[in-house]
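The sequence shown runs 4 to 621 under our numbering. Glycine included, every Cβ here is placed at the ideal spot set by N, Cα and C.
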Amino acid sequence: MAARPVSRMLQRVLRSSVRRCSSGAPVTQHRPGEPSRTAAEELSRRRQFLREHAVPFSAFLTDSFGRQHSYLRISLTEKCNLRCQYCMPEEGVPLTPKADLLTTEEILTLARLFVKEGVDKIRLTGGEPLIRPDVVDIVAQLHQLEGLRTIGITTNGINLARLLPQLQKAGLSAINISLDTLVPAKFEFIVRRKGFHKVMEGIHKAIELGYSPVKVNCVVMRGLNEDELLNFVALTKGLPLDVRFIEYMPFDGNKWNFKKMVSYKEMLDTLQQQWPELEKLPEEESSTAKAFKIPGFRGQVSFITSMSEHFCGTCNRLRITADGNLKVCLFGSSEVSLRDHLRAGASEEELLRIIGAAVGRKKQQHAELPLMLQDSPPAIPSISSQDPFHVQGIRHRVSFSNRMSTWWKGCWVSRTPPLGQRWSNSPQRHCSSHLDSDANPKCLSAVSGAPATPSGPLPTSDQLTHVDTEGQAAMVDVGGKPDTERVAVASAVVLLGPVAFKLVQENQLKKGDALVVAQLAGVQAAKLTSQLIPLCHHVALSHVQVRLELDGARHAVGIRASCRAWGPTGVEMEALTAAAVAALTLYDMCKAVSRDIVLGEIKLLSKTGGQRGDFHRT
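Following this line, the structure appears as structure tokens:
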């Protein structure tokens, strides 16, 4: 796509002995006997010319702080084929009537106007933009706009492999793919839909077609996927990816909690512990990302620090929603309807005045959350010196990274079977959160449970430690206690009844795989215990395991949760919370089938470490 032409006056001034490219910069005809310029020298000369003779940027797209808005994001639809937990509720969101959405012609009319005024980059978003039937045609028509240099798209990747060849031919030049986990079962848990392998195929197709880098957006959420940072970075070793870690941000409907946010500095510290040689790359003008690279790796990693270190001072972005509202700030609530003015017959000049007024009202920066961010939990060390790729005991990193490399190099024939098929031939299902070397949920055979052995009398206190001398609730001060290894195991039983039990056993529930979802919920609950139980201390868990076993004789599911940490306080509450929440999740998954489900036998089986000695239930 050609750059914006210089003014006609400048073109008339230029001598006729030179020909011109579509940018307006002169390209000197090579004369016989003269040394020819290299392509790099010619390109450098043209860029210098454009800098010296650039058309003044549109006043309508320049705000009161001098920020020039050359980047426009256009939402093509409100609809999405996923239900990401941090984005929207499971039942979806109320949709705008189709008649109130921008038509294709209206989208192109507005795009044409913005490009004419100086916008040189357009990104198509949603919802999910690739579910719009005419998305390829929209890209092709945008590609015809003179002055538009980049057409990008942000997608969840479900339809990408199928549509990308057509989109590339139409003129698509940049791709961002959203992916928050590399664990298939966790993917289904986060987005409430299947499709992990389709996203992977989309990334593979983008690399195959020559897009470089392929940007992968990962929203990092404490207690859900912060333990996968190193796995994502490992992908950049052999692949031209730009993995972009995004700080969890507040949006309507995502039940935002500042404690879920993992800050840029915390993420960077985790990466630097594994790769001390991590290098910071120069920041591009108006970039929202802080980019880093590991020497010898093909790709790079970036951090989008929207919350901890905002980039409002260099913001050059504007947004048009699917229903035609102009938003000058993602966090701002003020919008102006360009659709209404367009349909009322507003002229180009009138639209520009409306746009200019909105841009002129843009604030210096979005609303910050300084007090919340100061209360953010401390960084959680998660890297073992013996096993640098093992984080929080959920799964091993090296083997998964190797497996991913095999997927990329191969022809994608061998894939992990769907969860439903994985146990379809097994009359007895067991699920463990401790994943094996292939990073798949480990299906266990019947486990012989050794009887617990007592370890002698347990010293107990004759007073409630969470109550002060005045009878008020108080958190125990553990500052003076020594750090020791703490391990706790808890259990629970869910009596499902014959109908629900059979559906769980055969993995036929409409909501999905109950055992896997309950297992993930238990792991997540263990890591969030201090947020659920008011007087519990925050514990940096080094290991969490939740195992579920079917008991055909009782039509029940037995749950066993174990937690490990090194610190001054025990982890029995984490183990009990994991078992209890896993049980509650099983109830939620099965309640449509039967309400006659009993949760019981939630108990501590054992604990070790601490001043009061060990405990083993007999």
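Between the region 222 to 239 and the region 546 to 559, can you find at least three pairs of beta-carbon atoms closer than 8 Å? no
Does DSSP put residue 307 in a helix, a strand or coil? Shown here, residue 307 sits in a strand according to DSSP, grouped into three states.
Enumerate in chain order the residues of its own chain whose CB-to-CB distance from residue 590 is below 8 Å, with the five nearest sequence positions on each side excluded. 497, 600 and 602
In whole angstroms, what separates the C-alpha of residue 302 from that of residue 187? 23 Å
Could you compute how far the alpha carbon of residue 60 sits from the alpha carbon of residue 123? 11 Å
Determine whether the beta carbon atoms of residue 533 and residue 606 lie at a separation below 8 Å. Using a Cβ distance threshold of 8 Å, residue 533 and residue 606 do not count as a contacting pair.
Got a sec? Which residues, its chain only, sit under 6 Å from residue 16 by beta carbon, not counting five neighbours each side? Residue placement at residue 16 is poorly supported in this model, since its pLDDT is 31, which falls under 50; the coordinates still yield a value, given next. Cβ within range, chain order: n/a, list empty.
Mind checking which residues open and close the beta strand (DSSP E) that includes residue 356? Looking at the DSSP string, residue 356 is not in any beta strand (DSSP E); the run it does join, the alpha helix (DSSP H), is 351 to 363.
Check for me: the alpha helix (DSSP H) holding residue 195 runs from which residue to which? From DSSP, residue 195 is part of no alpha helix (DSSP H); its letter is neither H nor E.
Between which two residues does the alpha helix (DSSP H) containing residue 138 stretch? Element bounds for residue 138: 138 to 145.
Beta-ladder partner(s) of residue 508, from DSSP: Answer is none; residue 508 lacks a bridge partner.
Beta-bridge partners of residue 498, as assigned by DSSP: 559 and 601
Which residues in the same chain as residue 345 place their Cβ atom closer than 8 Å to its Cβ, once the five residues preceding and following it in sequence are excluded? Only residues of its own chain outside the window of five on either side were considered, and among them 109, 112, 113, 327 and 354 have a CB closer than 8 Å to the CB of residue 345, listed in chain order.
Nearest to residue 100 by CA position, among 159, 142, 513 and 325, is which residue? 325
Cβ neighbour criterion (16 or more within 10 Å) applied to residue 516: buried
Nonlocal neighbours in the same chain, by C-beta distance under 6 Å from residue 566, ignoring five residues either side: 491, 529, 544, 547, 574, 577 and 578
Just how far apart, CA to CA, sit residue 304 and residue 537? If you take the alpha carbons of residue 304 and residue 537, they lie about 37 Å apart.
So, helix, strand or coil for residue 316, using DSSP? DSSP places residue 316 in helix when its eight states are reduced to three.
Per DSSP, what kind of secondary structure is residue 214 in: helix, strand or coil? coil
Just the C-alpha distance for residue 140 and residue 161, rounded to the nearest angstrom, thanks. So the alpha carbons of these two residues sit roughly 19 Å apart.
Where does the unbroken alpha helix (DSSP H) through residue 2 begin, and where does it stop? Past the boundaries of the shown model lies residue 2; the chain is included only from 4 to 621, so the question cannot be answered.
For residue 170, I'd like the list of residues in its chain whose CB is within less than 8 Å of its CB, leaving aside the five on either flank, ordered along the chain. 138, 139, 142 and 156
6 Å Cβ shell around residue 163 - same chain, five flanking residues per side excluded: The residues are 205.
Could you check where the alpha helix (DSSP H) with residue 529 kicks off and where it finishes? Where residue 529 is concerned, the enclosing alpha helix (DSSP H) starts and stops at 517 to 530.
Just the C-alpha distance for residue 67 and residue 317, rounded to the nearest angstrom, thanks. Residue 67 and residue 317: Cα-Cα distance of roughly 13 Å.
Classification of residue 502 by the beta-carbon crowding that lies within 10 angstroms, buried from 16 upward: exposed
According to the neighbour-count rule (16 or more other Cβ atoms, all chains shown, within 10 Å of its Cβ), is residue 527 buried or exposed? buried
Going straight from the alpha carbon of residue 359 to that of residue 365, what length do you get? Looking at the two C-alpha atoms, the distance is approximately 10 Å.
Following the continuous alpha helix (DSSP H) through residue 552, name the residue where it begins and the one where it ends. Per DSSP, residue 552 belongs to no alpha helix (DSSP H); it is in the beta strand (DSSP E), 544 to 554.
Member of 127, 361 and 542 whose CA lies at the smallest distance from the CA of residue 178: Comparing Cα-Cα distances from residue 178 to each of 127, 361 and 542, the minimum goes to 127.
Since residue 228 and residue 272 are thought to touch, with beta carbons under 8 Å apart, how far apart are those beta carbons, to the nearest angstrom? About 17 Å; that fails the 8 Å criterion.
Does DSSP classify residue 203 as helix, strand or coil? Here DSSP, grouped into helix, strand and coil, assigns residue 203 to helix.
Proximal residues to residue 292 (C-beta, below 7 Å), its chain only, five neighbours per side dropped: 247, 305, 306 and 307
Measuring only the C-alpha atoms, how far is residue 457 from residue 619? Low per-residue confidence applies at residue 457: pLDDT is 43, beneath 50, and the placement is therefore not dependable, though the value from the model is reported in the following sentence. Residue 457 and residue 619 have their C-alpha atoms spaced approximately 5 Å apart.
Mapping the DSSP letters down to three states, classify residue 177 as helix, strand or coil. strand
Where does the unbroken beta strand (DSSP E) through residue 246 begin, and where does it stop? 244 to 250
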